[in-house]
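Q: The structure's right below; bear with me while I get my questions together.
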């Protein structure tokens, strides 16, 4: 079964939203922006795996 990027993005967005206080506004905003980038590129004809991994690496730096 291929990895479902959209489902992960939705799950992670929900997690950040529910645990907002844990990360603070600035970190949460940057994390959500990275998730939005993946979502935005999912509608274009691009290599979504590369975009997703780049965004996950950005998120990892914040955590």
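In the working numbering, the protein residues as written are 1231 to 1293. Ideal Cβ positions, reconstructed from N, Cα and C, are used throughout, including at glycine. A quick note: this is a predicted structure, and the numbers were derived from the prediction, not measured.
1. Secondary structure at residue 1272, three-state DSSP: helix, strand or coil?
2. Classify residue 1275: buried if its beta carbon has 16 or more other beta carbons within 10 angstroms, exposed otherwise.
3. Residue 1245 and residue 1293 - do their beta-carbons sit closer together than 9 Å?
4. Under 8 Å by Cβ, that's how I've got residue 1235 and residue 1273 pegged, so tell me the actual separation to the nearest angstrom.
5. Contact defined as beta carbons within less than 8 Å: I believe residue 1281 pairs with residue 1271. What is the distance between those atoms, to the nearest angstrom?
A: Considering the structure as presented:
1. Stepping through the chain shown from its first residue, residue 1272 is reached at position 42. Here DSSP, grouped into helix, strand and coil, assigns residue 1272 to coil.
2. The residue labelled residue 1275 in the question sits at position 45 within the chain shown. Its Cβ having fewer than 16 others within 10 Å, residue 1275 is exposed.
3. Mapped onto the chain shown, residue 1293 falls at position 63. Mapped onto the chain shown, residue 1245 falls at position 15. No.
4. Indexing the chain shown from 1 puts residue 1235 at position 5. Indexing the chain shown from 1 puts residue 1273 at position 43. Between residue 1273 and residue 1235 the Cβ distance is about 12 Å, and since that is not below 8 Å, they are no contact.
5. Mapped onto the chain shown, residue 1281 falls at position 51. Mapped onto the chain shown, residue 1271 falls at position 41. About 5 Å separates the two Cβ atoms, so the contact holds.
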